[in-house]
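Undergrad: Take this structure first; my questions come after.
Below you can see the structure in the form of structure tokens.
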């Protein structure tokens with residue numbers, strides 16, 4: 011219980027109280043469990059006071075001196091603490107929801123498990139403060155100083171930390187969902203296992219940050235600096251990292267699926283086993299980066315620079331590699347299934363023993379031995395201008411000719427023509443169709459096969475007799491040149507009249 015004399019004195023006014031404190035500075039005020047709600051206590055001296063369980067709801071404590079005071083279990087909801095000095099104060103578990111703490115001094119203050127929902131802490135100083143497990147959801151912490159603050163498991167969801175200084179702060183397992191951290195300083199801060207889903211970090215200083223296994227899905231990191239950051243196994247799916255600086259950052263095994271990495275600096279970055287499926291890496295720099303066994307399938311790598319990067323065992327299936335620089339890149343065992351590239355793709359001095367043209371280490375090229383100088387580029391350039399059509403159990407050549415002619419009319423810019431026919435064994439026939447560069451081969455392939463299936467179904471029993479003459483078995487007995495010539499005959503005047 012509060013000291014009755016102390017309680018009577020404080021209610022006589024701040025002037026009398028402060029005069030008494032000046033004369034009796036060594037006396038520790040005891041205002042425990044006191045009802046001081048809605049009082050005007052601006053500028054009051056409560057240094058070292060016992061305010062355990064005190065009711066300060068709605069009280070104006072602006073400019074008050076509360077350092078070393080014990081406010082545990084006190085009620086401070088909606089109190090005014092603008093510019094108050096609460097350094098080294100014990101506010102453990104205190105309800106400070108909706109309070110105004112703008113420009114307050116809270117250095118080394120104990121605020122663990124405190125409630126600061128929608129509190130205003132603009133420009134407050136919380137260096138070295140302990141806010142672990144506190145609830146600061148929707149709080150305003152813009153331009154706040156939180157250097158080396160402890161925010162373990164703290165709820166900062168939907169809070170405003172714009173321009174805040176969190177240098178070397180501990181935020182492990184903190185909840186920063188949809189938090190505004192734009193232009194904040196998080197250099198060397200530890201956010202391991204933290205949740206930053208849809209957080210706004212654009213323009214933030216994240217140099218040396220630790221984000222191990224952090225969840226940043228959907229976050230905005232546009233233009234942020236993450237140099238030498240630790241983000242291994244981080245969830246960065248759908249994150250906007252365009253124009254960001256990730257030089258020498260550790261992103262090993264991280265999830266960057268559908269991330270925006272356009273014009274991003276990834277020089278000397280560790281991306282081993284990272285998932286970048288569907289990411290936009292247009293004009294990004296991967297100079298000397300390590301992408302060993304990374305997944306870059308369906309990734310836009312147009313005009314990206316991979317000079318001297320490690321791309322061994324990388325999955326580049328269905329990726330876009332137009333004007334991409336792969337000079338001096340290590341590409342052994344990389345997969346190029348349906349990758350889009352052309353003669354603007356650079357392979358100067360590429361280091362590569364072999365590649366795969368199909369996923370799951372299928373269709374090794376060369377089938378034996380190693381590439382000679384220049385063979386890799388020639389193979390992939392040729393592949394980029396070829397559609398491979400695989401047929402099982404024979405081909406209805408009349409239906410194929412009709413389907414091909416129709417697709418030629420739909421895609422005149424593709425300049426399609428039969429290149430060769432191969433019998434691959436086990437009843438499989440492979441037809442290679444040459445195309446012009448820069449054609450969406452996957453789409454043309456799909457449309458051509460669909461047209462063939464639909465056309466084949468239209469043929470009657472009489473057409474099937476013709477089909478039987480060109481089974482896989484018959485291909486082994488006839489001159490391949492005669493078969494190709496017959497197919498070309500089908501593609502000439504008679505087919506032109508087909509509807």
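Numbering (our numbering), first residue to last: 11 to 509.
C-beta: ideal position from N, C-alpha, C; glycine also.
What you are looking at is a predicted structure, and each value in this text was computed from that prediction instead of being measured.
1. How long is the line joining the alpha carbons of residue 123 and residue 143, rounded to whole angstroms?
2. Could you tell me whether any Cβ in chain B is nearer than 7 Å to the Cβ of residue 57?
3. Beta strand (DSSP E) containing residue 399: first to last residue?
4. Three Cβ pairs or more, each shorter than 8 Å: is that satisfied between the stretch 447–461 and the stretch 415–425?
5. If residue 338 sits next to residue 360, beta carbons under 8 Å apart, how far is it from one beta carbon to the other, in whole angstroms?
6. Taking the runs of the alpha helix (DSSP H) that are 4 residues or longer, which of them lie wholly in the stretch 442–473?
7. Go ahead and pull the three-state DSSP assignment for residue 20.
8. Cutting at 6 Å between CB atoms, please list the residues of its own chain near residue 198, excluding the five before and the five after it.
9. Rounded to whole angstroms, what's the CA-CA distance from residue 18 to residue 39? Just pull it up for me.
10. Considering just the uninterrupted stretch of the beta strand (DSSP E) at residue 66, what are its terminal residues?
11. Would you kindly work out how many angstroms separate the C-alpha atoms of residue 127 and residue 185, rounded to a whole number?
12. Evaluate residue 453 with the Cβ neighbour count: other Cβ atoms within 10 Å of its Cβ, from every protein chain shown; 16 or more gives buried, anything less gives exposed.
13. Thinking just about the alpha-carbon of each residue, which of 105, 223, 392, 80 is nearest to the one in residue 348?
14. If you measure between the beta carbons of residue 117 and residue 140, is that distance less than 7 Å?
15. Would you check if the distance between the CB atom of residue 237 and the CB atom of residue 263 is smaller than 7 Å?
16. Near residue 47, what residues of its chain come up, given a Cβ to Cβ distance below 7 Å and the 5 sequence neighbours on each side ignored?
17. Enumerate in chain order the residues of its own chain whose CB-to-CB distance from residue 225 is below 7 Å, with the five nearest sequence positions on each side excluded.
18. Please report how far the alpha carbon of residue 512 lies from the alpha carbon of residue 248, in whole angstroms.
19. With DSSP run on the structure shown, which of helix, strand or coil describes residue 11?
20. Quick check on the burial criterion: 16 or more other C-beta atoms within 10 angstroms. Buried or exposed for residue 430?
21. Contact defined as beta carbons within less than 8 Å: I believe residue 111 pairs with residue 129. What is the distance between those atoms, to the nearest angstrom?
22. Assign residue 35 to one of two classes, buried (16 or more other C-beta atoms within 10 Å of its C-beta) or exposed (fewer than that).
23. Less than 7 Å between the beta carbons of residue 156 and residue 136, yes or no?
24. Name, in chain order, the residues that DSSP records as bridge partners for residue 432.
25. Mind reading off the beta-carbon distance from residue 511 to residue 171? Whole number of angstroms is fine, and I expect it under 8 Å.
26. Where do the ends of the beta strand (DSSP E) carrying residue 415 lie?
27. State the CB to CB distance for the pair residue 265 and residue 240, rounded to an integer number of angstroms; the pair is presumed to be in contact (CB under 8 Å).
28. Quick check on the burial criterion: 16 or more other C-beta atoms within 10 angstroms. Buried or exposed for residue 14?
29. Alpha carbon to alpha carbon, how far is residue 114 from residue 231? Give it in angstroms, no decimals.
30. Three-state secondary structure (DSSP) at residue 28?
TA: By the coordinates alone:
1. 5 Å
2. Among the chains in the structure shown there is no chain B, since it carries only a single protein chain.
3. 396–402
4. yes
5. 7 Å
6. 451–468
7. helix
8. 178, 218
9. 12 Å
10. Note, residue 66: premise wrong, no beta strand (DSSP E); not H, not E.
11. 14 Å
12. exposed
13. 392
14. no
15. no
16. 65, 66, 67, 68, 69
17. 205, 206, 207, 245
18. Outside the modelled stretch of the chain, which goes from 11 to 509, sits residue 512, for which no answer is possible.
19. coil
20. exposed
21. 6 Å
22. exposed
23. yes
24. 440
25. Residue 511 cannot be examined here, being either before or after the span of the chain that is shown, 11 to 509.
26. Run containing residue 415: none in the beta strand (DSSP E); it sits in the alpha helix (DSSP H), 407–420.
27. Not quite, the Cβ-Cβ distance comes to about 15 Å (not below 8 Å), so this is no contact.
28. exposed
29. 30 Å
30. helix
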